[in-house]
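Have a look at the structure below, then the notes.
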Amino acid sequence: MNAKPALRDWYRHRRQQQSVSTSTIEASVLGLLQSESSQTEVIGLYWPLPGEPDLRTLRGVINAPTALPWADGAGGLSYRLWSDAALEPDGCGIPAPAAGPALTPDQISLLLVPALAVDQHGIRLGYGGGYYDRLRSDPAWAAVPAWVVLPSACLSPSPLPREPWDVPFTGWITEQGAGRPRSGTA
-4 MNAKPALRDW YRHRRQQQSV STSTIEASVL GLLQSESSQT EVIGLYWPLP
46 GEPDLRTLRG VINAPTALPW ADGAGGLSYR LWSDAALEPD GCGIPAPAAG
96 PALTPDQISL LLVPALAVDQ HGIRLGYGGG YYDRLRSDPA WAAVPAWVVL
146 PSACLSPSPL PREPWDVPFT GWITEQGAGR PRSGTA
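As structure tokens, then:
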């Protein structure tokens, strides 16, 4: 039996019940960016879906170029620079840069990724499309520090279901700050 659909429903409902300030999570993200990277290249952000922390204002605050993911609708995900050009719906209907080449992993210094939940091992529960899983199954992309951004109420105290292809995330960022997987568990 696959427990992921029930967990997705549970964490989606839990997230909707929370009233976490996006500015508090943004402050945690800024703290992480200051501590993690002195040589920041491109920061990979995301366009928020309903209920996700909205980090779009960071684009005007951080001193680094930003990129957004472009989903092709068939499982592929790439990142493109977020310029002043108008965004267009990607293959999943999410606003994204339509023009420009896909960035390579060595051009991105850090990824910020949304999630429904993450556990103490750094395993993320997403929406079930597998886009980030496929991207991060490439060893070059797995080497890019990737942080899950979510409310602390969505930190799972129990291990989430893990597939063989799941790559643990570097850590998570909540309104309470940044956390990392327990030593020896990732």
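Be aware that the sequence shown starts at -4, since it is given in my numbering, and climbs by one per residue. C-beta atoms are modelled at their ideal positions from N, C-alpha and C, and glycine is treated no differently. Predicted, not measured: the structure shown is a model, and the values here were computed from it.
Can you grab the Cα-Cα spacing for the pair residue i / residue j, in whole Å?
| i | j | result |
| --- | --- | --- |
| G39 | N(-3) | 31 Å |
| A181 | L72 | Low confidence applies to A181: its pLDDT is 47, below 50, so where it sits in the model is not reliable enough to give any reading. |
| G174 | P92 | 30 Å |
| I57 | V139 | 19 Å |
| G172 | S16 | 13 Å |
| R177 | A141 | 16 Å |
| R3 | L120 | 7 Å |
| A147 | E170 | Ala is not the amino acid found at residue 147; the sequence shown has Ser there. Spanning the two alpha carbons is a distance of roughly 7 Å. |
| Y126 | L63 | 13 Å |
| T19 | R10 | 16 Å |
| Y6 | Q12 | 10 Å |
| W167 | V144 | 6 Å |
| P163 | I118 | 5 Å |
| S23 | R51 | 14 Å |
| T165 | P159 | 17 Å |
| G26 | P156 | 30 Å |
| T65 | D161 | Checking the sequence, you will find Trp at residue 65 rather than Thr. Cα to Cα, the separation comes out at about 20 Å. |
| Y74 | Q29 | 22 Å |
| S14 | L53 | 20 Å |
| G55 | H8 | 31 Å |
Check the C-beta distance from residue i over to residue j and give it rounded, since I have them as a contact under 8 Å.
| i | j | result |
| --- | --- | --- |
| E31 | Q102 | About 17 Å separates the two Cβ atoms, so there is no contact after all. |
Could you work out which residue in the options is closest to residue i when comparing CA atoms only?
| i | options | result |
| --- | --- | --- |
| P0 | S18, G123, P92 and P43 | G123 |
| P100 | V108, L120, R131 and W77 | R131 |
| A59 | S78, E47, G70 and G68 | S78 |
| G46 | R157, D161, W65 and P109 | P109 |
| P90 | D67, L106, A22 and L107 | D67 |
| G212 | H8, C87 and T61 | Because the chain in this structure spans residues -4 to 181, residue 212 falls outside the shown range and cannot be described. |
| P48 | L155, L107, D128 and R157 | L107 |
| G95 | L76, E21 and L25 | L76 |
| T61 | D128, S14, Q29 and L105 | L105 |
Can you confirm whether residue i, when its beta carbon is compared against all beta carbons of chain C, has any partner nearer than 8 Å?
| i | result |
| --- | --- |
| A62 | Here there is only one protein chain, and chain C is not present. |
For residue i, report the span of its alpha helix (DSSP H) as first-last.
| i | result |
| --- | --- |
| A66 | Here A66 belongs to no alpha helix (DSSP H); instead the beta strand (DSSP E) covers T61 to A66. |
| T169 | From DSSP, T169 is part of no alpha helix (DSSP H) but of the beta strand (DSSP E) over G166 to T169. |
| L106 | Counting along the chain, L106 falls outside any alpha helix (DSSP H), though it belongs to the beta strand (DSSP E) covering I103 to P109. |
| V24 | T17 to E31 |
| W142 | Taken as a continuous stretch (DSSP letters only), W142 belongs to no alpha helix (DSSP H), being part of the beta strand (DSSP E) at A141 to V144. |
| D114 | No alpha helix (DSSP H) holds D114; the beta strand (DSSP E) holding it covers A112 to D114. |
| Y122 | No alpha helix (DSSP H) holds Y122; DSSP gives it neither H nor E. |
Cβ of residue i versus every heavy atom of the ligand COA: is any distance shorter than 7 Å?
| i | result |
| --- | --- |
| S104 | Annotation note on the ligand COA: not contained in the displayed structure, which lists no ligands. |
Just curious, the beta strand (DSSP E) that residue i is in, first and last residue?
| i | result |
| --- | --- |
| W5 | First-last for W5: K(-1) to Q11, but that is the alpha helix (DSSP H), not the beta strand (DSSP E). |
| Y74 | L72 to L76 |
| A138 | Run containing A138: none; DSSP gives neither H nor E here. |
| V37 | V37 to G39 |
Is it a yes or a no for the stretch 139 to 159 touching the stretch 106 to 121, going by three-plus beta-carbon pairs under 8 Å? yes
The stretch 83 to 91 touching the stretch 129 to 140, judged by at least three CB pairs closer than 8 Å: no
Per the contact definition of three or more C-beta pairs closer than 8 Å, is the stretch 92 to 99 in contact with the stretch 41 to 57? At 8 Å Cβ cutoff, the stretches do not touch.
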